[in-house]
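In the working numbering, the protein residues as written are 4 to 314.
Virtual Cβ for every residue (Gly too), placed ideally from N, Cα, C.
See below for the structure under consideration.
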């Protein structure tokens, strides 16, 4: 399933939540919409799901406008988690799958596989309200994918999960991609996008900052940096030709290099003056690229992360 957004815009009470956003999610890829809380990620996803109607622009599925049967082909996990608290785990899965057109027989044939995979098998007769928050989140993930949707949309999927369950669900997502599913997810944690995505779209204040294939974004916008772990006084490295900035950490320094700087010459010069324990070319992070290209202060990004409003 292929998804296209063409110049969509949404305004709430005079505030622009999404502004002229265009993107294309190709079939069979993992696509990440990333940016701080309040950037417009959730509003964008709600428009894709036809929960909120764009003020302008259009959304296409396989080159056609959204239709009534669209939602049966989509698995959607919203940011606001919602399960029927008084139902048992099995009852919730059965109910949600049947709402998506799956038969009771289909659910019985598939539910044990997913419960076992998500380490929920022993809780299958428990009521939802008796489950931990992390268990409820895994349960809602099962209800999102059990009906075998072509397009899977996950809004802040990893929020509140511990590292083991994050890794578990990441592996499931990669398996779904290998099965040909199209996966769109939003996150404010750049590291998650780096580990999973084929393509990304960075947004800030409702506007697209960068989009494209992850490897190409990193190649185009990433800074040229090296890390050096050395014995002795390394203060001299800031004056080396091609070194733009030096950041000191507890056990190493990181050098931001000018474009075209000769990294080999820098290593040779440093090694001639001090003992080098480690010299490593640093791959640019999406966080650094976002901060640089969006031209916002890192403290502003962090304050957005601490805020309560998600739009």
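Counting of Cβ neighbours within 10 angstroms places residue 158 among the buried residues, the total reaching 16 or more. Using a Cβ distance threshold of 7 Å, residue 33 and residue 199 count as a contacting pair. Boundaries of the beta strand (DSSP E) around residue 278: 278 to 285.
In the DSSP annotation of this structure, residue 174 is not part of any beta strand (DSSP E); the continuous alpha helix (DSSP H) holding it starts and ends at 166 to 181. For the 7 Å CB-CB criterion, residue 43 and residue 21 form a contact.
In the structure shown, the three-state DSSP call for residue 239 is helix.
Here DSSP, grouped into helix, strand and coil, assigns residue 55 to coil. With contact defined as three or more Cβ pairs closer than 8 Å, the region 48 to 59 and the region 87 to 94 are not in contact.
Taking a cut-off of 8 Å on C-beta distances, the region 239 to 246 touches the region 256 to 269, as three or more cross pairs fall below it.
DSSP places residue 19 in the strand class (E or B) of the three-state scheme. Collapsing the DSSP output to three states places residue 67 in a strand.
Under the DSSP assignment, residue 256 falls in the beta strand (DSSP E) whose first and last residues are 256 to 260.
The beta-carbon separation of residue 102 and residue 64, rounded to 20 Å, does not stay under the 8 Å limit for a contact.
Rounded to whole angstroms, the separation of the alpha carbons of residue 131 and residue 259 is 50 Å. For the 7 Å CB-CB criterion, residue 188 and residue 35 form a contact. With fewer than 16 other Cβ atoms from the protein chains shown falling within 10 Å of its own Cβ, residue 111 counts as exposed. The C-alpha of residue 18 is placed about 20 Å away from the C-alpha of residue 53. Non-local beta-carbon contacts of residue 276 in its own chain, meaning distances under 7 Å to residues more than five positions away in sequence, involve 239 in chain order. Distances from the alpha-carbon of residue 206 to those of 181, 142 and 190 put 190 closest. Of the candidates 236, 222, 185 and 156, the residue whose Cα lies closest to the Cα of residue 285 is 222.
Put simply, of 231, 88, 257 and 150 the residue whose alpha carbon is nearest the alpha carbon of residue 108 is 150. Where residue 202 is concerned, there is no enclosing alpha helix (DSSP H), although the beta strand (DSSP E) around it starts and stops at 202 to 207.
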